[in-house]
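Trainee:
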Amino acid sequence: MYTVTVQLFASYAELLGSTAVELPLASGATVNDLLRHIRALPGAGRLPSAPRIALNRTFATPDQIIEAGDEIALIPPVAGG
Amino acid sequence: MSRASIVTREIDLARLVEAVRSPSHGAISIFVGTVRDLNDGRSVSAIEYSAYTAMAQEELERIADESEKRFGVSAVVIEHRIGVLDISETSIAIVAAHPHRAPAMDTTRYIIEEIKKRVPIWKMEHYSDGTREWVDPTRVAKQTSPA
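Chains E and P, in that order, give the protein sequences.
Each number in the working numbering corresponds to the 1-based position in the first sequence with 1104 added.
Each number in the working numbering corresponds to the 1-based position in the second sequence with 136 added.
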């Protein structure tokens, strides 16, 4: 078991009321496991069914394993340009 | 200068063009994105851009790498500005150079389309009536056809 910090941005930071959250993860936890934890947070009810996660500044797949110390971010729909 | 940057100052287009100019390049293609005063029927007074800057810069670099492999361009610079921008201000500039025009033009088109899909930058529109809203292109796409 270890604790990870998830960075939050833009509309998701507003929904969850913070720019970062700390969550406990079991060893071998995947991106999907992390999303289950995130959905249980207050304010998370309005997140889409499959929000995008970035691990170490790259978009992650749902079955990707999260390692202790990974840089993790929840990415709202992008709107650059 | 860095090839891909998120900046908080005005974008200096002339400087970007000089960065890619070279004797072997016969074409320099430029895409400039500016802040529009109307979106989805609502009068916009400003746009506030924010970013996950560390990832956005890396993603821009990855897109620049892809465009070099895909179109053979050897000189690309991208700047995206964040912060509060007024109507008509430049939010993004993409400049690509190649010996010939077609690859240069294909490159700027490819890069802006990829940025819109995958670079972690967000915009909050400020409307003339004083309200503000996050722009969600995935939601707009379901309601209206693209321009």
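A virtual CB, placed ideally from N, CA and C, is assigned to each residue, including glycine.
Remember, predicted model here, so these are calculated numbers, not experimental data.
Secondary structure at His1141/E, three-state DSSP: helix, strand or coil?
Mentor: helix
Trainee: For Ile1179/E, decide whether its Cβ has a neighbour in chain P, counting only Cβ atoms nearer than 8 Å.
Mentor: yes
Trainee: Taking buried to mean at least 16 other C-beta atoms within 10 Å of its own C-beta, is Gln279/P buried or exposed?
Mentor: Bear in mind that the predicted position of Gln279/P carries a pLDDT of just 49, short of 50, making it too unreliable to give a figure here.
Trainee: Could you run through the stretch 246-269 of chain P and flag, in chain order, every residue whose CB is less than 8 Å away from some CB of chain E?
Mentor: Ile248, Ile251, Lys252, Lys253, Arg254, Val255, Pro256, Ile257, Trp258, Lys259, Met260
Trainee: Establish whether the CB of Glu194/P and some CB of chain E are separated by less than 8 Å.
Mentor: So yes, Glu194/P belongs to the interface.
Trainee: For the pair the stretch 248-260 of chain P and the stretch 180-196 of chain P, tell me if three or more CB-CB distances fall below 8 Å.
Mentor: Yes: at least three Cβ pairs fall under 8 Å.
Trainee: Quick one: what's got a C-beta closer than 7 Å to Ser281/P's C-beta in the same chain, skipping five residues either side?
Mentor: With a pLDDT of 48 at Ser281/P, under the threshold of 50, the modelled position of this residue cannot be trusted; read the value that follows with caution. Same-chain partners within the cutoff: there are none.
Trainee: Assuming Leu196/P contacts Ile214/P (C-beta within less than 8 Å), just tell me the rounded distance between them.
Mentor: 5 Å
Trainee: My output table needs one value for Gly1149/E: the three-state DSSP class, helix, strand or coil.
Mentor: Gly1149/E falls in the helix class under three-state DSSP.
Trainee: Here's the rule I'm using: 16 or more other beta-carbon atoms within 10 Å means buried, otherwise exposed. How should Pro1181/E be labelled?
Mentor: With 16 or more other CB atoms across the displayed protein chains lying within 10 angstroms of its CB, Pro1181/E is buried.
Trainee: For the stretch 1106-1137 of chain E, which residues have a beta carbon sitting closer than 9 Å to at least one beta carbon of chain P?
Mentor: Gln1111, Phe1113, Ala1114, Ser1115, Glu1118
Trainee: Go ahead and label Leu1112/E buried or exposed: buried means 16 or more other beta carbons lie within 10 angstroms of its beta carbon, across all protein chains shown.
Mentor: buried
Trainee: How many angstroms separate the CA atom of Ser203/P from the CA atom of Val1110/E?
Mentor: 31 Å
Trainee: For Ala1154/E, collect the residues of the same chain with a Cβ closer than 8 Å to its Cβ; drop the 5 residues on either side in sequence, then sort them by chain order.
Mentor: Same-chain partners within the cutoff: Leu1139, Pro1166.
Trainee: Return the CA-CA distance between Asp176/P and Arg275/P, expressed in angstroms with no decimal places.
Mentor: When rounded, the separation of the alpha-carbon atoms in Asp176/P and Arg275/P is 12 Å.
Trainee: Measure how close the beta-carbons of Ala192/P and Ile142/P come, nearest whole angstrom, since I'm counting them as under 8 Å.
Mentor: In this structure Ala192/P touches Ile142/P by the C-beta definition: roughly 5 Å separates them, less than 8 Å.
Trainee: Pro1128/E bridges to which residues according to DSSP?
Mentor: Thr1107/E
Trainee: Over the uninterrupted beta strand (DSSP E) stretch that includes Asp121/P, give me the two end residues.
Mentor: Any question about residue 121/P goes unanswered here, given that chain P covers just 137 to 283.
Trainee: Mind checking Leu1120/E: buried by the 16 CB within 10 Å criterion, or exposed?
Mentor: buried
Trainee: Using 8 Å as the limit for Cβ to Cβ distance, is Gln279/P near chain E?
Mentor: Model confidence at Gln279/P stands at a pLDDT of 49, short of 50, so the residue's coordinates are unreliable; what they give is reported in the following sentence. No, no contact with chain E.
Trainee: Assuming contact is defined by CB atoms lying nearer than 8 Å, are Arg139/P and Val209/P in contact in what I supplied?
Mentor: Not a contact, by the Cβ cut-off of 8 Å.
Trainee: Measure the alpha-carbon distance for Ser158/P versus His236/P and round it to whole angstroms.
Mentor: 13 Å
Trainee: Which residues, in chain order, does the stretch 147-175 of chain P contribute to contact with chain E at a C-beta distance below 8 Å?
Mentor: Residues of the stretch 147-175 of chain P that bring their beta carbon within less than 8 Å of a beta carbon in chain E comprise Gly169, in sequence order.
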